[in-house]
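Here is the structure we will look at.
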Amino acid sequence: MTTIFLRSRQLRQAVRLWLPVPAFMLVAMPAHAAVDSSDEARIASCIHDAAAGRPWLEKTLWGLRDQEAGWIGAEVSNTNGSHDLGPLQINTWWVPRIAQLMGRSGPEVRNWLRYDACFNVEAARWIFLAALRDTGDFWKAVGVYHSPTAWRQRRYSLSVAKRMKHRFGDRAFLERQD
Numbered sequence: 024m025t026t027i028f029l030r031s032r033q034l035r036q037a038v039r040l041w042l043p044v045p046a047f048m049l050v051a052m053p054a055h056a057a058v059d060s061s062d063e064a065r066i067a068s069c070i071h072d073a074a075a076g077r078p079w080l081e082k083t084l085w086g087l088r089d090q091e092a093g094w095i096g097a098e099v100s101n102t103n104g105s106h107d108l109g110p111l112q113i114n115t116w117w118v119p120r121i122a123q124l125m126g127r128s129g130p131e132v133r134n135w136l137r138y139d140a141c142f143n144v145e146a147a148r149w150i151f152l153a154a155l156r157d158t159g160d161f162w163k164a165v166g167v168y169h170s171p172t173a174w175r176q177r178r179y180s181l182s183v184a185k186r187m188k189h190r191f192g193d194r195a196f197l198e199r200q201d
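Here's what the structure looks like:
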């Protein structure tokens, strides 16, 4: 548990010091698998912690998680040769960037993205927030999380919005309270 916390904290500290490249992911279809209830509780805890008390960010991370539908240990192949890893399906395109940011090896980061739910969620948080900073537009950033292609971004954003509404009802889109 301490190791997981340290890795997630290390990623969070490292990204504060790094100016991100434009955030985008290669196209991938969501992976679906049965998720163990204890794993789901762990993912929920990681999402809560990564949001750091910001309800709008917690809802966003849940929308991305529900859309991606990954699981701890997931490695889903894409047609372009990349893979999507872990609960929020972080594309392997990100591995070298995160590894460099943290001063760690690519295989180590890849393993954490697959098997460490909190590290995976923190990486998703970073990708989304970098896209939000780059675009200045919430829904555009949601789309950029998924793809560099405008029409895929729009389709993805609409799907995430539906999942957020399904999970949170109309309160999913209330103005932020923090």
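Under the working numbering, read the sequence shown as residues 24 to 201, first letter to last.
By construction, the Cβ of each residue, glycine as well, lies at the ideal position given by its N, Cα and C atoms.
Check                                                                                                                                   : Outcome
Mind checking A147: buried by the 16 CB within 10 Å criterion, or exposed?                                                              : buried
Measure the C-alpha to C-alpha separation of T172 and S182 and round it to an integer number of angstroms.                              : 15 Å
Do you know offhand how far R177's Cα is from Y138's?                                                                                   : 30 Å
What did DSSP end up calling L197 once you bin it into helix, strand or coil?                                                           : coil
Can you grab the Cα-Cα spacing for the pair P45 / P119, in whole Å?                                                                     : With a pLDDT of 31 at P45, under the threshold of 50, the predicted position of this residue should be treated as unreliable, though the coordinate-derived value follows. Cα to Cα, P45 sits roughly 15 Å from P119.
Just confirm the distance between the C-beta atoms of A97 and L87, as a whole number of angstroms; I'd bet it's less than 8 Å.          : A97 to L87, Cβ: 14 Å. No contact.
Would you call S100 buried or exposed, if buried means 16 or more other Cβ atoms sit within 10 Å of its Cβ?                             : exposed
Can you tell me whether D59 is helix, strand or coil according to DSSP?                                                                 : coil
Counting pairs of beta carbons, one from the stretch 127-144 and one from the stretch 60-72, are three or more of them closer than 8 Å? : yes
Looking at the strands, I want to know which residues DSSP matches up with V99.                                                         : D107
Would you report the Cα separation of G129 and W162, rounded to the nearest angstrom?                                                   : 30 Å
Which residue marks the beginning of the alpha helix (DSSP H) containing Q123, and which one marks its end?                             : V118 to M125
What is the rounded straight-line gap between the Cα of S105 and the Cα of D160?                                                        : 27 Å
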